[in-house]
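Asker: Residue numbers (the working numbering), protein chains in the order written: chain A, 33 to 240; chain B, 33 to 240. We treat Cβ as the ideally placed atom computed from N, Cα and C, and that holds for glycine. Computed from a predicted structure; not experimentally measured.
There are 2 protein chains.
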Amino acid sequence: MNRSIPAATVSRLPIYLRSLNDLPSGQSTCSSEDLAEIAGVNSAQVRKDLSYLGSPGVRGVGYHVADLREVLRQALGLTQGYAVVIVGAGHLGTALGNYGGFEAWGFSVVAVLDADVEKVGTMVGGRAVEAMERLEEIVAAREVSIGIIATPMEAAQEIAERLTAAGVRSILNFAPTVLRVAPGIEVRRVDLSTELQILTFHLQASGA
Amino acid sequence: MNRSIPAATVSRLPIYLRSLNDLPSGQSTCSSEDLAEIAGVNSAQVRKDLSYLGSPGVRGVGYHVADLREVLRQALGLTQGYAVVIVGAGHLGTALGNYGGFEAWGFSVVAVLDADVEKVGTMVGGRAVEAMERLEEIVAAREVSIGIIATPMEAAQEIAERLTAAGVRSILNFAPTVLRVAPGIEVRRVDLSTELQILTFHLQASGA
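1. Which whole-angstrom value describes the C-beta separation of isoleucine 217 (chain A) and arginine 201 (chain A), a residue pair presumed to lie in contact below a C-beta threshold of 8 Å?
2. Report yes or no: is there a C-beta of chain B within less than 8 Å of the C-beta of glutamate 227 (chain A)?
3. Three-state secondary structure (DSSP) at phenylalanine 233 (chain A)?
4. In the DSSP assignment, the alpha helix (DSSP H) including glycine 129 (chain B) goes from what residue to what residue?
5. How many whole angstroms separate the CB atoms of isoleucine 170 (chain A) and valine 117 (chain A), which I take to be in contact at a CB cut-off of 8 Å?
6. Report the residue from B:Ser225, B:Thr232, B:Leu45 whose alpha carbon sits nearest the alpha carbon of valine 103 (chain B).
7. Examine chain B for any beta-carbon lying closer than 8 Å to the beta-carbon of glutamate 218 (chain A), and answer yes or no.
8. Output the boundary residues of the alpha helix (DSSP H) element that contains alanine 187 (chain B).
9. Is the shortest distance between the beta-carbon of asparagine 130 (chain A) and the beta-carbons of chain B less than 8 Å?
10. Using 10 angstroms around the beta-carbon of valine 93 (chain B), count the other beta-carbons present and answer buried if the total reaches 16, otherwise exposed.
11. With which residues is serine 202 (chain B) paired in a DSSP beta bridge?
12. Tell me, to the nearest whole angstrom, how far the beta carbon of leucine 128 (chain A) is from that of alanine 163 (chain A); I am working on the premise that it is less than 8 Å.
13. I need the DSSP call for aspartate 54 (chain B), collapsed to helix, strand or coil.
14. For the structure I just gave you, are there three or more beta carbon pairs, one from the segment 39 to 55 of chain A and one from the segment 70 to 80 of chain A, closer than 8 Å?
15. Hey, would you say glutamine 59 (chain A) sits closer than 8 Å to valine 97 (chain A), going by beta carbons?
16. Buried or exposed: asparagine 53 (chain B), going by 16 or more other Cβ atoms within 10 Å of its Cβ?
17. Serine 57 (chain A) CB to nearest chain B CB: under 8 Å?
18. Using a Cβ-Cβ distance cut-off of 8 Å, determine whether glutamine 236 (chain A) contacts chain E.
19. For valine 142 (chain A), which option in A:Ala173, A:Val149, A:Lys151, A:Glu165 has the closest C-alpha, if you only look at C-alpha atoms?
20. Mind checking if valine 222 (chain B) is an interface residue toward chain A, Cβ cutoff 8 Å exclusive?
21. On the three-state DSSP scale, how would you describe valine 116 (chain A)?
Structural data, given as structure tokens:
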């Protein structure tokens with residue numbers, strides 16, 4: 033079932049899940065309009081998106097909050113934990129390692145790696161930075177399924193290849209470069225400089 | 033001219049600009065194929081995207097690297113500096129304030145604000161955190177054009193309203209919520225939990 037859900041729908045599922053947490057506590061059902069309002073889409077889109085999950089809504093009632101939360105968590109694969117490795121302990125990798133927010137979503141940072149021997153052994157988020165050459169060993173031993181790449185641009189492609197060769201299936205890439213990966217490997221890119229430049233494009237275009 | 037460029041093209045312009053920096057130094061011209069290879073799109077798309085900027089390519093020659101860089105920088109509004117305020121000095125706001133990468137792209141972080149009096153006066157990125165009630169005064173006095181929201185979800189909408197009322201036209205939102213803003217205000221959202229949940233969706237769907 034999951035394989036046939038459109039990518040745009042997948043990208044909204046986390047927003048719906050979060051919207052349920054925004055409902056007043058004690059509210060046991062919600063309408064597609066409730067979710068649409070909080071998620072910032074229209075209610076027809078909500079109904080269509082959720083119909084991919086087996087149409088958990090009930091006509092005249094809407095959605096049972098607890099049921100829908102469970103359906104969304106199942107679809108998003110959030111009923112199990114995921115081990116994450118952060119590769120690169122520069123400004124951004126250190127920030128991510130110190131972030132602390134990952135655990136709340138069910139992700140466990142099991143290692144922070146860096147190629148610089150000076151950084152190995154320094155503490156990031158309560159964890160000692162480990163040497164890059166241990167990447168393959170750590171991915172295998174700690175059952176890492178998600179790799180976060182926070183290296184300089186030049187190193188990112190090689191790290192992506194080492195991560196996927198070691199068994200990592202999903203990559204969150206903060207390096208400002210497009211990664212080439214094998215089919216079946218999922219890459220999401222978070223690129224602050226691109227986001228900021230899109231903002232300045234609009235500032236410029238509007239004459240601000 | 034800029035107003036009519038499709039959003040998808042705008043989102044690729046920063047990638048092309050970066051691609052020029054990836055070319056071997058000393059290379060004075062490049063083809064659309066060169067850019068396509070580095071940017072991870074096809075060459076017809078490159079030519080189409082760049083034609084929106086006044087078609088700076090020359091048949092049989094390609095693009096002059098220096099000229100194209102200048103055209104892209106102009107289009108993206110990168111020929112001037114931008115003052116940025118970071119609102120929220122929690123884990124993420126502190127990480128962003130310490131990041132140091134913004135300056136390299138022409139953005140200057142001129143203030144970090146927090147509502148918590150305990151945080152006011154603490155140092156983030158070499159700058160003392162300032163009180164949230166000074167937001168309007170700081171935006172005006174330091175000519176802030178970009179606001180980065182790194183507050184808890186509950187506070188984000190009110191901060192967006194205060195920023196835009198004070199004159200900020202562009203917002204980069206790290207809070208996990210959809211902001212409602214007036215027409216003409218540009219919001220880009222960076223949402224780590226959504227990106228991670230999209231990855232786990234695919235891990236789950238592929239049976240990993």
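Answerer: Walking through what the data contain:
1. Locating residue 217 (chain A) in the first sequence gives position 185, counting from the first residue. Locating residue 201 (chain A) in the first sequence gives position 169, counting from the first residue. Right, the Cβ-Cβ distance comes to about 6 Å (below 8 Å), so this counts as a contact.
2. Here residue 227 (chain A) is taken as the residue at index 195 of the first sequence, counted from 1. For glutamate 227 (chain A), the answer is yes, since a Cβ of chain B falls inside 8 Å of its Cβ.
3. For the purposes of this step, residue 233 (chain A) is taken as the residue at position 201 of the first sequence. It is helical.
4. The residue labelled residue 129 (chain B) in the question sits at position 97 within the second sequence. First-last of the alpha helix (DSSP H) with glycine 129 (chain B): 123 to 131.
5. As a position in the first sequence, residue 170 (chain A) is number 138, starting the count at 1. As a position in the first sequence, residue 117 (chain A) is number 85, starting the count at 1. Yes, they are in contact, since the Cβ atoms of isoleucine 170 (chain A) and valine 117 (chain A) sit about 7 Å apart, within 8 Å.
6. Walking along the second sequence from the start, residue 103 (chain B) turns up at place 71. Nearest C-alpha to valine 103 (chain B): B:Leu45.
7. In the first sequence, residue 218 (chain A) corresponds to position 186, counting from 1. It does: the Cβ of glutamate 218 (chain A) has a partner Cβ on chain B nearer than 8 Å.
8. Translated into positions along the second sequence, residue 187 (chain B) becomes position 155. Start and end: 185 to 197.
9. As a working note, residue 130 (chain A) is residue 98 in the first sequence. Yes, asparagine 130 (chain A) lies at the interface with chain B (some Cβ there is under 8 Å from its Cβ).
10. Mapped onto the second sequence, residue 93 (chain B) falls at position 61. Under this definition valine 93 (chain B) is an exposed residue.
11. Reading the second sequence from its first residue, position 170 is the one you call residue 202 (chain B). According to DSSP, serine 202 (chain B) bridges with B:Ile178, B:Glu218.
12. On the first sequence, residue 128 (chain A) is found 96 positions in, with the first residue counted as 1. On the first sequence, residue 163 (chain A) is found 131 positions in, with the first residue counted as 1. 19 Å between Cβ atoms; not a contact.
13. The residue you call residue 54 (chain B) lines up with position 22 of the second sequence. Here aspartate 54 (chain B) sits in helix by DSSP.
14. yes
15. As a position in the first sequence, residue 59 (chain A) is number 27, starting the count at 1. As a position in the first sequence, residue 97 (chain A) is number 65, starting the count at 1. Yes, the pair counts as a contact, with Cβ atoms nearer than the cut-off.
16. On the second sequence, residue 53 (chain B) is found 21 positions in, with the first residue counted as 1. Exposed, by the Cβ-count rule.
17. The sequence position of residue 57 (chain A) within the first sequence is 25, counting from 1. Serine 57 (chain A) does not count as touching chain B.
18. Among the chains of the structure shown, chain E does not appear; the protein chains present are A and B.
19. Residue 142 (chain A) sits at position 110 when you count from the first residue of the first sequence. Of the listed residues, the one whose Cα sits closest to valine 142 (chain A) is A:Ala173.
20. Residue mapping note: residue 222 (chain B) aligns to position 190 of the second sequence, counting from 1. Closer than 8 Å: yes.
21. Position 84 of the first sequence holds residue 116 (chain A). In this structure, valine 116 (chain A) counts as strand in the three-state DSSP scheme.
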